[in-house]
Each structure stands twice: as structure tokens, then as C-alpha cells.
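Residues in the sequence shown are numbered consecutively from 520, following my numbering.
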Amino acid sequence: MKIFIKKALPHIGVLFFFLLLTVVYFTSVFEGKVLPQHDVSQFSGMAQEVLEYGEKTGWTGSMFSGMPTYQITGYGEGTNFVDKLKIGMMSLMDPNTAGPIFIFLIMSYILCLFLTSNIYIAVLGAIALALSSYNLIIIEAGHVNKAWALAFTPLILAGFIGVFRKKYWLGFLLFTMGLALQISANHLQITYYTALFCFILIIPFLISCIKKKEFRHLALSVGIFSLGILFTVGANINNLYLTYELSKESIRGQSELTPQHGTETEKVSTGLDKDYAFSWSYGKAETFTLLIPNLMGGESGGYLGKDSHLYKALQAQGAQLGKNVQTYTYWGDQPFTSGPVYFGAIICFLFILSFFILSGKAKWWMLGACIFFFFLSWGKYFESFNDFMFYHFPYYNKFRTVSMALVIPGIIFPVLAVMALNEILKGKIDSIRMKNALVYATGITGGICLVLWIMPGVFFNFQSPMDAAMEIPAWYYDALLQDRKALLQSDAFRSLAFILLAAGLVFWYINAKNKQKTGIYVSVAILLLVLCDLWQIDKRYLNKDKFVTKREYTDQTFKKSLADEEILKDDALSYRVLNMNNPFNETKTSYYHKSIGGYQAAKLRRYQDLIERRISLEMESINQTFKTNPTLAGIDSTLSHCPTLNMLNTKYIIYNPEQPPIPNFHHDGNAWFVDSYRFANTADEEMTALNNLDPKKEAILDKKFAENLDGLQIIPDSMAKIDLTKYTPDRLEYKSVSEKGGLAVFSEIYYPYGWKAYIDGKQVPISRADWTLRAIPVPAGEHQIVMEFDHDGVKICGIVTTTSSGLLMLILIAFILFYFYQTSRNRKNKLE
């Protein structure tokens, strides 16, 4: 035990160092303040209804008139013990800010220990991996799941290296636990990119094993990875199965409708719309932000100080200004950004240096992987390559924001930097070769910075494609262009200075007589330089000024408006609200009401089609009325001609949140009997029928549901009615009364999985009516109708999840106990 403690002490010291770094960076968190994160706030709105009912339900009625909760609060049965482990890690610190960075540092350190025995270099690598600007920027934006998924990625790669080095048990556990934790973090795009990277890494390993005829090692390795994947999938089968199922019905799946725009020769995506998927494509030139952070002006809506050209120009115009001015500093190719992807000037320098000093072919495969992911990140700016990937590569078109592909180069750069510095500090490289390599690496990275510092105007004009929409005077624009240029020059000089300092330290080591002692100084000095470099840039985008008190956060985010207060006086069991203010990109309405809109990247495809083809047109009509005839009579008349909003039971319209809502007296209610129905042969015919449909009188159904109606004959009954008697997100109870029976339409969103309908306890099939609602035939008389969300698939998944994750945790515990036993036994043998 003493030997183990002695060996563990340096690593315990590193752990406390990481803890100190995290606490200092996130001081505001530990002072009780809150970071207003856009996506976290949106999550609070979308999850509120489920949390209010205190149940883990598979459905919520609070967004998009109803949708599954799989990608919101989760759903399933059984116990995922790996997820319990993840939750334990998340509870160490604030899971939305400091937590993922602290865990990222630890996981990166484990990876770097496989690359070097120098503890200082391993710490340097961990800092470079975890504090890359992208990781802090996504936390500021609230992309917390992504941050956690990234935090576990180094553990997967450490497992890969362990297996390659024939440390099979250790490699299996690191790979499997890392992958299981990453999938549990529920950001499958990061997992997808990780899988692509691992596939690239396997290729040279496969070639090497075949050349060396190490077939046993190859077979064992493939078997270990396969077993690891099997355990990982098993542990997370609930989420994976339900996500796959949802993908077929969400906007990640193909629309059944003929596209409204495009040419006849344009390909139809089986996933997301291509323009939507490629919206955030990183520009080719913008890729150099990896080396020079302010190459493209930093963040959209950046700040300029008193020394800036724009500040002085505004002063000359008589403007009253504070200590800085916020403006359009970013001029890159993305619609907007919260900040650049910056790896660190020294890391880029060491990355280039690695190609001149590392032996073997691994570095070239890593370079190939880097280039591949650069290509992916360019999206629409490298269409010939990315069109092929989008239309032909499995599942690639299910993901958006292709600039995210830079997370893999964000791992490769520090890994090769660590390997390069480790090789240098071994002191075994020929002095002349080392000096030549140093000149080349400094010349390439430093040369780029020097040229852009001295004459950036040769390469850039500092104009953005978005500038034309700003409508600003010429004097303002001229000053802004000068400031964009100055931002680039300032950071080019900054990066050059860091590169020269690092190169100088390496040069000192090359010429040192006492290399062992000098090596420690050099590694510590470069570590501190890397920390200083990344820390400064990170603080531009996530600093104490971003944090507010909890009270301020609540007031800013979910303070009830006057319209909210008025609507909440209505104690009806269920109705919907349309907020006319950007309704499909906000969840504040969902926090208090059942909303027609919402914000979710996996909303149902049919509902999105309904938004694009019908709801948007009716909203446009309402907006036009507010402009031309904003009287109650005028608005009421318009609402009477909004059949889609009415069939969705839209009872209130919020036009101005600080004014009373507009009541809609034409909403169709929770359920009704129709006088007639007809079938559509195609999706296009079904959608077109909505244009002239009176949903209260007639229903339109896809012909595939004809069997459910079994030739139902309807005799109109004006006295027939259906009342909602009980509402919870996953269980709806109705009472129907009719003399003749007929077809009942429910103002609830149809989803083919999970929902079951019962009439007096007997299950009946649910049909889809009016493109996206539910319908069932109801016999004459008085009946109780129940609709319940009860997904049979999750029961089986729950058993698999509990078994797989339980076995995996038992293997982990057994391995740890065996390690202590083996250590104790080896010590005993040495004493004997």
C-alpha cells in the first residue's frame, strides 16, 4: 500500500492542481453566481412540464403541440449504472460550467500518461486539450451535453492506445467506460466524430499487424473493441433505441412531401435539409483561427475599447460612450459565432514540429485525420467533398453544425504536441536535426503570424458577407474595417511572441549541458506558457462578467409577462398558446403553457412540415391583420380563417408579452366528432387538403389507415361531444357521449410509437388525421376513452441496460481489486 501511495502522490498533486485551476477559473460559480446559458435556459423551458408532474414520462405537451421527451429529460426503464457513475462525476462541481472542464482535465491527463512519462508534459497536454477555446465557448452557450461528451473522449483514445500496446484489460476498461460515458452524455454527433476518428486509427494498426504477422494481437484487439462496443450499446440501449426510432419521425428523417424549392435534379436528403445541416460551416481561411484567434474578429457582437478607430469615430459624431462599444467585429463565413476555435499558438508550433522529429507513420495518419475533419468542418465551402459525405455516408446527414468536426483536430494537435515535446526532452535526437526541425517549425508557424502581422491587407479585405445587411454609414464601416484589421494584427503578434518564447526554450534545451535539469525547467516553462496563452483567450469569451446572481438569472429568463399572468388565470385542463415572437426558437412560452412553438433539434418532421406549409402562412395572416386592422373584430375574423391553428386548440395568441393575450374563440377544443372523412393517396395530397379543410367537420386521413376505420359510416350528430376529464403529459382521459357514434379527432399530435388508446378498457388502434392529429372510431353511447404513453420497447431495453451496465461495473471493480492484490503480491515477493 505504501508503494502504491508513493506512486500515486504525484498524480494526486496533479488532481489538486486541476482542482485549483477549475476553482480559480470558475470563481463566480463557487461564489453562488449563475451563468445565463442559452441552451440551458431553453432546456429549463422544455423540461418544465415533465418536472412539474414529477414523473419520467416519454411525452410532453408543452412544445410543438406535443412531442417525445427522449432528447429532453430522457425516458426508459431499468438502471444504467454507468449513467449513475456519470451523475456522480457531474455532482462534483456545477455540471453546467466547472464540472465538464474539471473532468476533461482528468481524462486528458490519463490519455497523456499513455504518451509520456514526463508528468509536466502530461499536465501540459491535459491543459491544451481541456482549455481549447471551443470547450469554454460551448459552455458559455449552454451546450452542456456536448461539453460532457467531449470530456470523456480522451478516455476512449487512452483505451485504444492501451489495447494497441497489449494492455488488454486496461485498454478494454478505459475504452468501454469512456465510450459508455460519452454515449450517456447524449451528444451523438460527438460520438459519431469519435467513431470516425477511431476508424482512421485502426487502419494503420491493421496494416502493421498484418505486416508483422501479429494475427493473435489483431484478433484479440478486434475482439476487445467489439466486446466493448457491445457492453456500451447494451448499457445505453434505452437512449440509442429510442433516438433511432425518433430519428425516423423527426426532422433528422426524410420528409414525405415533395420539396417546395430546388431544381428537379437536386437530390433529396434522407435526413436533415442540406442547407440547414451546413449552415454553420467553418470558412477555409477561418481555419487559421487555430493559430491566430482574432483572425476573423473573434465573436459576433464583439467589444472595442477606447483606443479603437470606431470608438474615436463615434466620439467624433458626438456619441456618449462607456468604456467600450459593442459592434460587428466578426467577419468570417458563419452566420454568427460566440468565438473562434483556437488550439493555442504553442500547440500549433509543437504540432508542426512533430512532423520533423517523430519517427514512424502514425503522425501521417494523424495528419490525414486532421485534414479529413478540416474538410468536414468546411461544409458548404468544400461542396464537392461534403455533398458526397452528406448524401452517401451512413448517418452523416442526421447531424448539423459541421464546424463541430474541428473537435477532433482539437485532440490531434495536443496529442502530437505532447509526443513531440516528449521526444525532444528525451535528449536523444541529433542536435543538427533538432535545430533544423526547430527552424522549419518556427518558420512555418511564426512566419504565418509575422506576415499577417505586417501585411494582413494583402490577403484579406476584412469584409463580411453579412455586412450588406447592417445598413451602417460609410464612416462607421471604414472605422470598423480598420478595427478588424487591428484585431488580426494584434493577435498575430501575440501568437508570434508565444511561438518565439517556446522555440527559445527548446533551443535552450538543445544547447544545455545538463539536459535532465534543463528539461524540467523547459517543460514547466512551456506548460505555464500554454496555460497563460489559452487562459487569456478563454477569458475573452467566458469570464466573471458573464455571471449573474440567481435572482437576476430568474428575472431575466422566466419572469412572467403580463400575457402569461392573464393566460394562467384560465384553469381549463388543456389548451395551447401561440407566441408570435419567434415562436419556434424559444421555450419561455413552454415554461408556463402548452405551446404551439418551442425549441428542439429533434422536433417531429410532420410538425415541421405543418409549420412550413400551414402555420407560417396563418401567422403571416395574423401579423398582417395587426398591421392593417388591429381591432378585436379584425383579428377575430382572421382567426376564424386559421384552421390549422384552430385544430391545434390554439386558445390564446401572444402578440405583445406586456399586453393581454388575444383570445381565440374559434379554437376547436381538445376533441370532437366530425361529420365526414376521406382518404388521401399521397402525402402531398394530404397536405394540400389542409388548405381548404374545415377540421371541425371533416377529417383527412392517409389511406394506410383505412383498415382502422373498417368502412365506418358516419351519421352526423350535432349533440355528440367529447370532454377531456384528466390531463397528464402521458395520460389523457376523455368522456364521450353520442347517440350514433362516429369518428373522433383529438387535438393531440400523432406519434406511431408508444401511444395506446382504450375505449372502456379495450385497446383500439389510433389513426393519423389532418396530417398530424389522432383519430379513433367511437361507438354510440357514453364511454371512457383513455390515451396512454406506454412504450413496450423500453421494458426489454431496461433489462438489457441494467444487465450490461451492471456487468461492466462489476468488471471495473474486479479489475481494481485485482490490481491492488497484484501490487501487494509483487511487493511480498520482493520482500521474500
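Each residue gets a CB set at the ideal place from its N, CA and C atoms; glycine is no exception. It should be emphasised that the depicted structure is a prediction, and the values quoted were computed from it without experimental measurement.
Going by C-alpha positions, A1152 is about 18 Å away from P1162. Apart from the 5 residues on each side of it in sequence, T546 sits with its Cβ closer than 8 Å to the Cβ of K1063 in its chain, given in chain order. Straight across, the Cα-Cα distance linking L1331 with L692 is about 7 Å. Residue environment for I930: buried (at least 16 other C-beta atoms within 10 angstroms of its C-beta). Residue range 1261 to 1268 is occupied by the beta strand (DSSP E) that includes S1266. Excluding the 5 residues flanking it on each side, L1158 has same chain C-beta neighbours closer than 6 Å at N1183, H1185, in chain order.
The residue among K1281, Y959, Q839, W667 with its C-alpha nearest the C-alpha of T710 is W667. The segment 626 to 638 makes no contact with the segment 882 to 897: fewer than 3 CB pairs, one atom from each, lie closer than 8 Å.
Leaving aside the five residues that flank E1137 on each side, the residues in its chain whose CB is nearer than 7 Å to its CB run, in chain order, C1161, T1163, L1164. Of Q590, G1023, F671, Q1303, the smallest CA-CA separation from A645 is found for F671. Residue burial annotation: P1284 is exposed, with fewer than 16 other C-beta atoms found within 10 angstroms of its C-beta. Your pair Y861 and S1009 does not check out as a contact, with CB atoms roughly 14 Å apart and the cut at 8 Å. The Cβ-Cβ distance between I702 and N755 falls below 8 Å. When DSSP assignments are scanned along the segment 1157 to 1210, the uninterrupted stretches of beta strand (DSSP E) that are 3 or more residues long and fall wholly within it turn out to be 1169 to 1173, 1190 to 1192, 1195 to 1199.
Rounded to whole angstroms, the separation of the alpha carbons of P1296 and V1264 is 9 Å. A contact between stretches requires three or more CB pairs, one per stretch, nearer than 8 Å, and the segment 551 to 570 fails this requirement with the segment 1236 to 1245. Around the beta carbon of Y763, a 10 Å sphere encloses fewer than 16 other beta carbons of the protein chains shown; the residue is thus reported as exposed. In the three-state DSSP reduction, K1122 falls in the coil class, being neither helix nor strand.
Contiguous beta strand (DSSP E) elements confined to the segment 1292 to 1323 occur at 1292 to 1297, 1300 to 1308, taking only those with 3 or more residues.
Within the segment 1065 to 1109, the complete beta strand (DSSP E) segments of 3 residues or longer fall at 1095 to 1098, listed in chain order.
For V926, the closest of N654, A1225, T616 by C-alpha to C-alpha distance is N654. Exclusion of the five residues before and after S950 leaves I1029 as the residues of its chain whose Cβ lies within less than 7 Å of its Cβ. In this structure, Q773 lies away from V752, with their beta-carbon atoms at least 8 Å apart. DSSP places Y801 in no beta strand (DSSP E); its state is neither H nor E. Runs of the beta strand (DSSP E) lying entirely within the segment 976 to 1064 and spanning at least 3 residues: none are present. In the structure shown, the three-state DSSP call for R684 is coil.
Collapsing the DSSP output to three states places S547 in a helix. Ranked by Cα distance from M582, the first of I1268, G690, S1014 is I1268.
With a cutoff of 8 Å on beta-carbon distance, L1053 and G965 are scored as not near each other. Under the three-state reduction of DSSP output, Q845 falls in the strand class. Looking at F694, I973, I606, T789, the one whose alpha-carbon comes closest to that of I629 is F694. Residue pairing by DSSP puts S1255 in a beta bridge opposite I1241, H1302. Between N705 and S1324, the C-beta spacing is not below 8 Å. For R1293, the CB contacts under 6 Å within the same chain, skipping 5 residues up- and downstream, are F1265, E1267, Y1269, I1285 in chain order.
Residue pairing for G824: DSSP places it in a beta bridge opposite N843. If you draw a straight line from the Cα of R919 to the Cα of N1101, it is about 21 Å long.
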